[in-house]
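**Student:**
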Amino acid sequence: MRDVTLGQYYPADSPLHRLDPRVKLIGTLLFIILAFVAQTFIGLALIAAFMLSMAFISKVPLKALFKGLKTIYILLAFTFLMNLFFSNSKSDHVLLKWGFIVISREGLIRAAFMAVRLILLVTGASLMTLTTSPIALTDGMERLMSPLAKIGFPAHETAMMMSIALRFIPTLMEEADRIMKAQAARGAGFSGGGLIKKAKAVIPIIIPLFVSAIRRAEELAMAMTARCYHGGEGRTRLNVLAFKRRDLYAGLILLAFTLIITADNIFIKELLPFLARP
């Protein structure tokens, strides 16, 4: 349960930590879009290299970045097997056929392609939260949505709600881990048995976790009330967001990287189709 990295913050002094949160939010959204639209293994390799280079610049340990993959291993396995067994059933390169299940070379390539794509999506989103503090994340979301405030959209409240929800993910995972250890000390079993048995063992955790979430939400509401929080109206900031030269450079790098992936989709897929995803 403690392996969830989405929503956690890793404090460090790095160029990526010092970037404007708006640049990181837009960059993460662009990264996810590029991971979805990449059509070749070269494109995925470039995206992976870009993500690893950003992780190196951010000084976030790779162990902390990839730790979150432990929580989605079932989804990774399911995605891999579905694409492996049910892709290109009419392929000329069949490796194994058993009833309606067909394993082809194209299916194997596609399964690997989709698994790598999913890994990139999770690690890319995790890197953004690991390098952005909760306050900066809230301010960045609010500033990006501020044009909608002119038509009555509650930009500040929405940003605050999204930030709190994101930061509650690791908190709830830690609480679930604490409850599981408490129940295991009383004789409950969570490690033995198959997948169905493990799923049934998790059911008794749901109610105490739900109660704990309500209690934490109430404590947070009381703390915000005690600090005279009344929304974004009239709120001032100690550190006002402002784009700097490094943010401009980061934007130019993102633009250049987007053009590279777009060129890869167009030219590599057309000129060198054997390198493209089937």
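Note that numbering that gives the first Met the number 0 gives residue 199 to position 200 of the sequence shown, counting from 1, and the numbers run on in steps of one. For each residue, glycine too, the CB sits at the ideal point set by N, CA and C.
Taking three-plus beta-carbon pairs below 8 Å as touching, is the segment 54-71 in contact with the segment 11-18?
**Tutor:** Enough Cβ pairs lie closer than 8 Å, so yes.
**Student:** Please report how far the alpha carbon of residue 128 lies from the alpha carbon of residue 214, in whole angstroms.
**Tutor:** If I take the Cα positions, the gap works out to 25 Å.
**Student:** Can you give me the C-alpha to C-alpha distance between residue 158 and residue 209, rounded to a whole angstrom?
**Tutor:** When rounded, the distance between both Cα atoms is 23 Å.
**Student:** Let me know if residue 185 comes out buried or exposed under the rule of 16 or more other beta-carbons within 10 Å of its beta-carbon.
**Tutor:** Flag for residue 185 reads exposed.
**Student:** Looking only at its own chain, which residues have a Cβ that is under 8 Å from the Cβ of residue 71, when we skip the five neighbours before and after it?
**Tutor:** Same-chain partners within the cutoff: 117 and 121.
**Student:** Return the chain-ordered ranges of every beta strand (DSSP E) run that is complete within the segment 56-144 and spans a minimum of 3 residues.
**Tutor:** Fully enclosed beta strand (DSSP E) runs of 3 or longer: 93-97 and 100-103.
**Student:** Is the beta carbon of residue 178 closer than 8 Å to that of residue 45?
**Tutor:** For residue 45 and residue 178, no; Cβs fall outside 8 Å.
**Student:** Does the Cβ-Cβ distance between residue 162 and residue 137 come in under 8 Å?
**Tutor:** A contact, by the Cβ cut-off of 8 Å.
**Student:** Answer yes if the segment 166-177 comes into contact with the segment 138-150, meaning at least three C-beta pairs across the two stretches below 8 Å, and no otherwise.
**Tutor:** Contact fails: fewer than three Cβ-Cβ distances are below 8 Å.
**Student:** Measuring straight from C-alpha to C-alpha, what distance separates residue 112 and residue 18?
**Tutor:** Rounded to whole angstroms, residue 112 to residue 18 spans 31 Å at the Cα level.
**Student:** Run through DSSP, which three-state label would residue 261 get?
**Tutor:** Of the three classes helix, strand and coil, the one that applies to residue 261 here is helix, per DSSP.
**Student:** Using three-state DSSP, classify residue 235 as helix, strand or coil.
**Tutor:** Three-state DSSP puts residue 235 in coil, outside helix and strand.
**Student:** Please list the terminal residues of the continuous alpha helix (DSSP H) segment that includes residue 24.
**Tutor:** 20-36 is the span of the alpha helix (DSSP H), which, as asked, contains residue 24.
**Student:** Would you mind stating whether residue 211 and residue 173 have Cβ atoms separated by less than 8 Å?
**Tutor:** Taking 8 Å as the Cβ cut-off, residue 211 and residue 173 do not qualify as a contacting pair.
**Student:** For residue 64 versus residue 125, is the C-beta spacing smaller than 8 Å?
**Tutor:** Contact flag set, yes.
**Student:** Decide if residue 221 is buried, meaning its Cβ has at least 16 other Cβ atoms within 10 Å, or exposed.
**Tutor:** Under this definition residue 221 is an exposed residue.
**Student:** Rounded to a whole number of angstroms, what is the C-alpha to C-alpha distance between residue 286 and residue 146?
**Tutor:** Residue 286 lies beyond the stretch modelled for the chain, which goes from 0 to 277, so this question has no answer here.
**Student:** Which residue wins for smallest C-alpha separation from residue 257, given the options 180, 67, 37 and 149?
**Tutor:** Considering only alpha carbons, the answer is 37.
**Student:** Taking the beta carbon of residue 101 as the centre, do at least 16 other beta carbons fall within 10 Å, making it buried, or is it exposed?
**Tutor:** Buried.
**Student:** Can you tell me whether DSSP reads residue 296 as helix, strand or coil?
**Tutor:** Residue 296 lies beyond the stretch modelled for the chain, which goes from 0 to 277, so this question has no answer here.
**Student:** From residue 245 to residue 206, what does the alpha carbon distance come to, in whole angstroms?
**Tutor:** When rounded, the distance between both Cα atoms is 47 Å.
**Student:** Taking the Cβ atom as the reference point for each residue, do residue 123 and residue 252 lie within a distance shorter than 8 Å?
**Tutor:** No, the Cβ-Cβ distance between residue 123 and residue 252 is not below 8 Å.
**Student:** Taking the C-alpha atoms as reference points, what is the distance between residue 133 and residue 247?
**Tutor:** Taking the straight line from one Cα to the other gives about 23 Å.
**Student:** Taking 7 Å as the limit between beta carbons, can you name the residues of its chain near residue 242, skipping five residues before and five after?
**Tutor:** The residues are 19.
**Student:** Assuming contact is defined by CB atoms lying nearer than 8 Å, are residue 110 and residue 79 in contact in what I supplied?
**Tutor:** Cβ atoms of residue 110 and residue 79: closer than 8 Å.
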